[in-house]
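Same order as they appear, the protein sequences are chains P and L. Counted from 1, the first sequence has number 51 at position 49 by our numbering; the numbering is strictly sequential. Counted from 1, the second sequence has number 158 at position 156 by our numbering; the numbering is strictly sequential. From the three backbone atoms N, C-alpha and C, an ideal C-beta is built for every residue, glycine too.
Protein chains: 2
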Amino acid sequence: MFDLLRKHIEKRISISNKEFKHCCSFFVPRKLRKNQFLLQQGEICKRLTFVNSGCLREYTVDHKGNVHIIQFAINDWWIADMISYLSISPSTQYIDTLQTSEVLMLERESREKMMQEIPKLERFFRILLEKKYIASVKRINDSLSATAEERYLSFLQTYPALVEQVPQHDIASYLGITPQSLSRIRKELSKKH
Amino acid sequence: MFDLLRKHIEKRISISNKEFKHCCSFFVPRKLRKNQFLLQQGEICKRLTFVNSGCLREYTVDHKGNVHIIQFAINDWWIADMISYLSISPSTQYIDTLQTSEVLMLERESREKMMQEIPKLERFFRILLEKKYIASVKRINDSLSATAEERYLSFLQTYPALVEQVPQHDIASYLGITPQSLSRIRKELSKKH
DNA sequence: CGCGGGTTTGATGATGCTCAAGCCCGGTGG
DNA sequence: CCACCGGGCTTGAGCATCATCAAACCCGCG
């Protein structure tokens, strides 16, 4: 259950057996069904969620009622509304499961206690926030400079594991286009193969 | 020269006269001409820049040669390629001045020394990074859900001071449209007034 | 005065949306 | 076992938005 987390942390910082065991004690493992909400608009995001297996998504609903997927999360990823979590403000996002999933949850208080007791994890979380920030700036660049087809190709490259797991209309929403447009783009691409 | 910085910091944390004076010693004030580069693609962003007066911009040039403005900075703002700065990696961005400007520069080493000697500033910079992150997520949402006209109106609301200072084609680039399109949008809006 | 930039205007075309219908396929009930 | 239903994907036609190319305009400045 915690193997993946260990590998995940060790990719960024080194950690001893003892420290890791201590670290684990702050996480709450949970199994989730399909279509289960972890966060809804208006709530305050109180925890970071590490994904062991399955697939989750984070999305907003705009004033016209359209759904916009901000990010997906599969195994070895974190998911949370970082803005709500960091600034302790009501979220504008939803987070739910696309499939049966296994996750490790880390409550705000647990995380703070954990960082006090294992200070090297401060560094780990700083790196995590940087990665989030980098990913979001990259998305801005993409949406300014690439066509829908280019964005789809770049999505395939960046998240190959997602393509098989996520319904097509959710990918369309992530790319900022309609399911119909994505269908046509895929048709064009398969012509060229 | 440092008055604005003081107000800027005090909006986020409280700071004594003595601490602030100490803090100032880490900054290097500089006057910049129009069209001067602070950062070019391939360099590593080594400093954070606080703007006292004037106007700067951060932009990329994509593989098609198109310019995309990521952000503007006028007085009371910071500008830097945070990704390059944080991960100490070559920047993909440019930063230059749109006008004669007065800035305060804070080198990486100075900042680190400053945070060691005045630890409460750690908190200040954490808040700064959060704000940056929030702004970038907001831009993703906008680019997914709003039309060019809506994005322009929202730009006017968020950055009223910029509209008079920045050439129109730079605003267009920020919004992700051509100068011609922006011109037409403005025409439509003035019809409705 | 004439040059050069930024902006505006016009015509045309590409991209992606909307609305609507059809298709495919897995699940359910008769 | 088959008919039917429903959700997701595909396809088509028409339309809105915005880009591109080109020309005109405006205005400050040498």
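Bridge partner(s) assigned by DSSP for residue i
{"i": "PRO92(L)", "result": "ILE46(L)"}
{"i": "PHE29(P)", "result": "In DSSP, PHE29(P) forms no bridge with anything."}
{"i": "HIS70(L)", "result": "THR62(L)"}
{"i": "TRP79(L)", "result": "According to DSSP, TRP79(L) bridges with nothing at all."}
{"i": "THR99(P)", "result": "LEU58(P)"}
{"i": "VAL105(P)", "result": "ARG32(P) and VAL53(P)"}
{"i": "PHE39(L)", "result": "ASP98(L)"}
Cβ shell of residue i (< 7 Å), same chain only, five flanking positions each side left out
{"i": "LEU41(L)", "result": "CYS47, ASP83, SER93, GLN95, TYR96 and ILE97"}
{"i": "TRP80(L)", "result": "LEU50, THR51, PHE52 and LEU130"}
{"i": "LEU1(P)", "result": "Nothing in the structure corresponds to residue 1(P), since chain P is present only between 3 and 195."}
{"i": "VAL168(L)", "result": "CYS57, PHE74 and LEU100"}
{"i": "LYS134(P)", "result": "MET84"}
{"i": "PRO181(P)", "result": "GLN170, HIS171 and ALA174"}
8 Å Cβ cut-off: residues of chain P touching residue i
{"i": "VAL168(L)", "result": "By Cβ distance, chain P contributes nothing, its closest Cβ being about 17 Å from VAL168(L), past 8 Å."}
{"i": "TYR161(L)", "result": "The premise fails here: TYR161(L) is roughly 16 Å from chain P at the closest Cβ pair, so nothing lies under 8 Å."}
{"i": "TYR154(L)", "result": "Simply none; closest approach about 15 Å."}
Residue environment, residue i, which counts as buried when at least 16 other CB atoms sit within 10 Å
{"i": "ALA75(P)", "result": "buried"}
{"i": "GLY56(L)", "result": "buried"}
{"i": "VAL30(L)", "result": "exposed"}
{"i": "HIS10(L)", "result": "buried"}
{"i": "GLU124(P)", "result": "exposed"}
{"i": "ASN19(L)", "result": "exposed"}
{"i": "VAL165(L)", "result": "exposed"}
{"i": "GLY178(P)", "result": "buried"}
{"i": "ILE90(L)", "result": "exposed"}
{"i": "GLU111(P)", "result": "exposed"}
{"i": "ILE72(L)", "result": "buried"}
{"i": "MET3(L)", "result": "exposed"}
{"i": "SER27(L)", "result": "exposed"}
{"i": "GLU119(L)", "result": "exposed"}
{"i": "ARG35(L)", "result": "exposed"}
{"i": "GLU190(L)", "result": "exposed"}
{"i": "GLU114(L)", "result": "exposed"}
{"i": "SER192(P)", "result": "exposed"}
Contact list for residue i against chain P, beta-carbon separation under 7 Å
{"i": "LEU146(L)", "result": "HIS70 and GLY178"}
Proximal chain L residues relative to residue i, where beta-carbon distance stays under 7 Å
{"i": "GLU132(P)", "result": "LEU88 and SER89"}
Chain-ordered neighbours of residue i on chain L, where CB pairs are closer than 8 Å
{"i": "ILE142(P)", "result": "ILE72, SER138, ARG141, ILE142 and SER145"}
Proximal chain L residues relative to residue i, where beta-carbon distance stays under 9 Å
{"i": "TYR96(P)", "result": "Correct list: empty, because the minimum Cβ distance to chain L is about 13 Å."}
Residues of its chain near residue i, where Cβ-Cβ distance is below 8 Å and the 5 sequence neighbours each way are ignored
{"i": "SER183(L)", "result": "ALA150 and ALA174"}
{"i": "PHE126(P)", "result": "ILE11, ARG14 and ILE15"}
Contacting residues, own chain, Cβ-Cβ under 6 Å from residue i (five flanking each side not counted)
{"i": "THR62(L)", "result": "HIS70, THR94 and GLN95"}
{"i": "MET117(P)", "result": "LEU123 and GLU124"}
{"i": "ASP144(L)", "result": "ARG153"}
Between the region 75–86 of chain P and chain L, which residues of the former have CB atoms less than 8 Å from a CB of the latter, in chain order?
MET84 and ILE85
Report the residues of the region 38–70 of chain L with a CB closer than 9 Å to any CB of chain P, ordered along the chain.
THR62, ASP64, HIS65, LYS66, ASN68 and HIS70
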